[in-house]
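Undergrad: The structure is given below, and queries will be raised subsequently.
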Amino acid sequence: MSVSNYLVTDDLTVILGLAAAGLFLLHNLYKPQSLVHPILLGRQSDVSRVRNPKESAIYRNYSTGMMGRFPLRPAKELYLLKELLRPELDGPRTLWSTKITNPELQKRVTAFGTGLVKQAGLVPRDSNVLLLLNDGLEFLIADMALSSNSIPSLTLTSSSLLSQVFDEYSPTAIITHADFLPQLLELVYDANEASNHTIIVVGQPNAKLVRQLAQVRILQWDDIERQGAQLEPVEVPTPDVFTVSFYTASSGKLRGAELTHQNVTAGVAAIRALFPTSGALSSLDTIISSHSLSTPYGRAVAYTAIFEGASFATVASSNVIGSGAGAARDLSDLKTTERYPIPSPTVLFIHPSHLTAITQAITQKAKSSGLLYSVAWRQKMANVLEGFLTKQSLWDRLVFDPARASVLGNGAGTVRAVIIAGGSLESQTVTPSRIALSTPLVNAYIHPQVAGPVLASHPLDLQTFPTEASSAAASAADTYAFTYLAPVGSPAINVEAKLTGVDDNTIESGGDPVGSLWIRGPSVGTLLDVKEAEGEAKGWVEAGETARVLSNGTFKVTPSKQ
């Protein structure tokens, strides 16, 4: 048989061949491209060229580099807390239940600060004030007013610390809610210091209670602010340390993190850097946070919203005292923001348990689509594996959008970024969460001594890694952390990190360093009443965690013991 006989084709063969070629071309042309080039994700930390024995190299964020200067503030000529309130952003935004402009907020801060000095009798550089407040506009006003008048503030990460802080540091004045006044007065009388404190009450206190306890000086917030608005503001030089945040260390001891204005402005700069340039924060955003303003990280999140002119609110579980304190961090917790007249949320700063609850609820709703859900999940999964993520696909419109609307309400169509911090996130949760929300997710590691993130993953890093085999010598905790936990990324833009107690042989042979995490940078506060340890002589602070650095410069950290 001649060769020409093998080349004879009929019309059907030609049509099928053309169809196959067309499908091949369409598949390659419409195949989604990775949102970030893989080369950029392969080296997320810049590493020092030398290291000390039993220590790892020093790691910095790759965008900062080993020779780069750390960002200290989100804008030039911004040094103090009150300067985060930019006068050029004069449009109204909603803070919790109050719609307010920056000039109006600045006016209230000035009036309250003047009233504290001239009416309440607080002395700049001498008095100190315990902010026994839940998150709200009053907290922000008091915080900026006190810092502007050189009156240090004290905050608590838990109401269980109140008695110990009260006994050891004896605040000059206390600002609290009217609902918490009876419990506070009981503590004051137990300490036999009824005549040594001024209590400033937010809200209307019980008149009968006030009359019965005439020996305690009780003032009302509204009176101080109103009277302060009629007086000339006080001009006081602002010191470096403006607040102390008390928390319980892993050892069970009371610790106080002293924060300067620079710590907070650096924290704001680090939080802003969590977002890609194409999706930077703006005054059009509404930020929801589950982190208390009494913590350095929570305060940095709030002041980021202040700086950007964004609307802001917190969930019930962020409360330190009274109702909501200790509330479960679940889906119902996120819905507590619905009581505020704020625009639909666009950015969520939440805990891992919140993310898990959202993912499970959306997935469960989406499964009601039956077979369509299975096809949609496979297509979304394929996109994620290619490094691509979108909320605008056909599968989103048919399957996931209705599920998100059922779970998140108005926020289903507006949430564009989610930052997780304050706990451990399992790696098996990350990909389902990306599919369910289809928004950039940042997994961050935070510390009660640091304003802003310590470590944070790239928002568009959609890589998944196989489960690592654990060594026989590893402890159960280490096996869990380094095998099943999601990476928390590289150091923040103004933090550098290193590990101590590492195995030199492992590092020299090309293995991943594992050891105790140490950090330093402008967003890291200092400990109150704790002598500087030998290893902290150059500003290094021990985080109290064990970490592992992966080959791409990202970290894994054991579950927080703080």
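Numbering (the working numbering), first residue to last: 126 to 687. We treat Cβ as the ideally placed atom computed from N, Cα and C, and that holds for glycine.
Helix, strand or coil for Q345? Go by DSSP, reduced to three states.
TA: strand
Undergrad: Contact between the segment 607-618 and the segment 546-557 is defined here as three or more beta-carbon pairs at a separation below 8 Å; is this criterion met?
TA: Because the criterion of three Cβ pairs below 8 Å is met, the segment 607-618 and the segment 546-557 touch.
Undergrad: How many Å lie between E146 and Q158 at the Cα?
TA: The amino acid at residue 146 is misidentified as Glu; the sequence shows Ala. Approximately 21 Å, taken between the alpha carbons.
Undergrad: List the endpoints of the continuous alpha helix (DSSP H) containing H479.
TA: H479 -> alpha helix (DSSP H) spans 477-491.
Undergrad: Could you confirm whether any beta carbon from chain C is found closer than 8 Å to the beta carbon of P638?
TA: Of the protein chains in this structure there is only one, and it is not chain C.
Undergrad: In three-state terms, what does DSSP make of I446?
TA: Three-state result, I446: coil.
Undergrad: Check the C-beta distance from V627 over to P616 and give it rounded, since I have them as a contact under 8 Å.
TA: 17 Å between Cβ atoms; not a contact.
Undergrad: Run through the DSSP bridge pairs and tell me what S414 is partnered with.
TA: T439, F474
Undergrad: W643 lies in the beta strand (DSSP E); which residues open and close that run?
TA: Per DSSP, W643 belongs to the beta strand (DSSP E) from 639-645.
Undergrad: For a minimum of 3 consecutive residues, which ranges assigned as the beta strand (DSSP E) are wholly contained in the segment 193-279?
TA: 218-220, 223-225, 254-257
Undergrad: Can you check DSSP and say which residues form a bridge with Y570?
TA: Answer is L580.
Undergrad: Do you know offhand how far S478's Cα is from D455's?
TA: The straight-line gap from Cα to Cα measures roughly 6 Å.
Undergrad: Just the Cα atoms here: how many angstroms apart are T461 and N444?
TA: One Cα belongs to T461, the other to N444, and the distance between them is close to 12 Å.
Undergrad: By a C-beta neighbour count over all protein chains shown, 10 Å radius and 16 as the cutoff for buried, is S676 buried or exposed?
TA: exposed
Undergrad: So if DSSP puts P401 in a beta bridge, which residue, or which two residues, is it bridged to?
TA: Its beta-bridge partners do not exist; DSSP assigns none.
Undergrad: Are the beta-carbon atoms belonging to S428 and P573 less than 8 Å from one another?
TA: Looking at the sequence provided, one finds Tyr at residue 428 rather than Ser. In this structure, P573 does not lie closer than 8 Å to Y428 by Cβ.
Undergrad: Is the segment 384-401 touching the segment 291-309, taking contact as three or more C-beta pairs under 8 Å?
TA: Too few Cβ pairs lie closer than 8 Å, so no.
Undergrad: Go ahead and pull the three-state DSSP assignment for P421.
TA: helix
Undergrad: Pull the bridge partners of K623 from the DSSP assignment, please.
TA: W643
Undergrad: My assumption, with CB atoms under 8 Å, is that V326 sits in contact with Q345. Please give the rounded CB distance.
TA: 6 Å
Undergrad: If we count the other Cβ atoms within 10 Å of its Cβ and call it buried at 16 or more, is V115 buried or exposed?
TA: Limits of the chain in this structure are 126 at one end and 687 at the other, which puts residue 115 out of reach.
Undergrad: Could you give the distance in angstroms between the alpha-carbon of L256 and the alpha-carbon of S370?
TA: 10 Å
Undergrad: Considering Cα atoms alone, identify which of L379, N259, L262, L241 is closest to S252.
TA: Closest option to S252, Cα to Cα, is L241.
Undergrad: Given a cut-off of 8 Å on the beta-carbon distance, is the pair Q517 and I349 in contact?
TA: no
Undergrad: For L205, tell me which candidate among K224, F367, V254 has the shortest Cα-Cα distance.
TA: Ranking K224, F367, V254 by CA distance to the CA of L205 puts F367 first.
Undergrad: Look at P470 and S222 and say whether their C-beta atoms are less than 8 Å apart.
TA: no
Undergrad: Whole angstroms is fine: what's the gap from A270's alpha carbon to I324's?
TA: 16 Å
Undergrad: Does the separation of the CB atoms of L210 and Q231 fall below 8 Å?
TA: Yes; because the gap between Cβ atoms is below 8 Å, this pair is in contact.
Undergrad: Using 8 Å for Cβ pairs, my map puts F400 next to A542. What's the rounded Cβ distance?
TA: About 6 Å separates the two Cβ atoms, so the contact holds.
Undergrad: Enumerate, from N- to C-terminal direction, the unbroken alpha helix (DSSP H) stretches of 4 or more residues contained entirely within the segment 526-554.
TA: 526-533
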